[in-house]
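What follows is one structure encoded as structure tokens, with my remarks underneath.
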Amino acid sequence: MTSIKKILIDLCEMPEHLRGISEEILLNKYKKKIIDEALKEKIIKIRKWHDGPGKIIIPTKKGLNLYKKK
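So that you can map any letter, position 61 of the sequence shown is 61 in the numbering used here, and since no number is skipped, the others follow by simple counting.
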């Protein structure tokens, strides 16, 4: 299983209203190169915290569709 697929599993197995992982947590688990590749392929995207610092990684529609095809 590819690392990008593992990221999608981590994100998409969460309840929909809670879906998202901080960039720092993902960087602890996956290499930056893998995260950047998934961002470039538009499988995941960055969402800002509401009124706060940091970034949240969430799946895109493309990412959700890839996850559903598993």
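Note that the Cβ used here is the ideal one computed from N, Cα and C, for glycine as well.
| query | result |
| --- | --- |
| Gly63 classed as buried or exposed, judged by whether at least 16 other C-beta atoms fall within 10 angstroms | buried |
| 8 Å Cβ shell around Ile44 - same chain, five flanking residues per side excluded | Ile7, Leu8, Leu11, Ile35, Ala38, Ile57, Ile58, Pro59, Thr60 and Gly63 |
| When Met1, Pro53 and Ile46 are compared against Arg19, the one with the closest alpha-carbon | Ile46 |
| Within 8 Å, strictly: CB atoms of Lys55 and Glu16 | no |
| Buried versus exposed call for Leu27 [16 or more other C-beta atoms within 10 Å across all chains shown] | exposed |
| Residue closest to Lys42, alpha-carbon to alpha-carbon, out of Lys48, Lys31 and Asn65 | Asn65 |
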